[in-house]
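Novice: Quick one: the structure is below, and I'll ask about it shortly.
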Amino acid sequence: MPVTQDSISGSDMLALFAVISAWVGEKDLAFEQLAIATRIPGTLSYGQLKLHPFWDPLRGDPRFEKIVADLAPKDGE
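Under this note's numbering, think of the first position of the sequence shown as 1, with each following residue one higher.
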């Protein structure tokens, strides 16, 4: 089953793949996976991306900052 259709752990697998990719310096691959993971329901959240040290290798990159900003709570949420 494709991870994008796995409602139990699909987004988690994509997020973990993104973390591993970032850690080994494959930032483009990390951003590809992260972009997919944030579009499907799962445990990946604004708070996790904003605060968890797993994501430190991607911090400061405009692509990461845009993903985080897109997940930020909007007024009234």
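Just so you know, even glycine gets a beta-carbon here, dropped at the ideal spot from N, CA and C.
Here's the rule I'm using: 16 or more other beta-carbon atoms within 10 Å means buried, otherwise exposed. How should S11 be labelled?
Specialist: Answer is buried; the Cβ neighbour count reaches 16.
Novice: Have a look at L71 and S45 and give me their C-alpha separation to the nearest angstrom.
Specialist: Answer to the nearest angstrom: the Cα atoms are 7 Å apart.
Novice: Going by other Cβ atoms of all chains shown within 10 Å of its Cβ, with 16 needed for buried, is G42 buried or exposed?
Specialist: With 16 or more other Cβ atoms within 10 Å, it is buried.
Novice: Return the chain-ordered list of same chain residues with a C-beta closer than 6 Å to the C-beta of L49, the five sequence neighbours on each side being excluded.
Specialist: Closer than 6 Å at the Cβ level, and outside the excluded window around L49, lie W55 and V68.
Novice: By how many angstroms is the C-alpha of G25 removed from the C-alpha of R63?
Specialist: When rounded, the distance between both Cα atoms is 15 Å.
Novice: Are the beta-carbon atoms belonging to A18 and A37 less than 8 Å from one another?
Specialist: It is a contact, given that the beta carbons lie within the stated cut-off.
Novice: Please report the straight-line C-alpha distance between K27 and K74, rounded to a whole angstrom.
Specialist: Taking the straight line joining both Cα atoms gives about 28 Å.
Novice: Should Q33 and L51 be called a contact, given that it needs their Cβ atoms to be closer than 8 Å?
Specialist: No. Outside cutoff.
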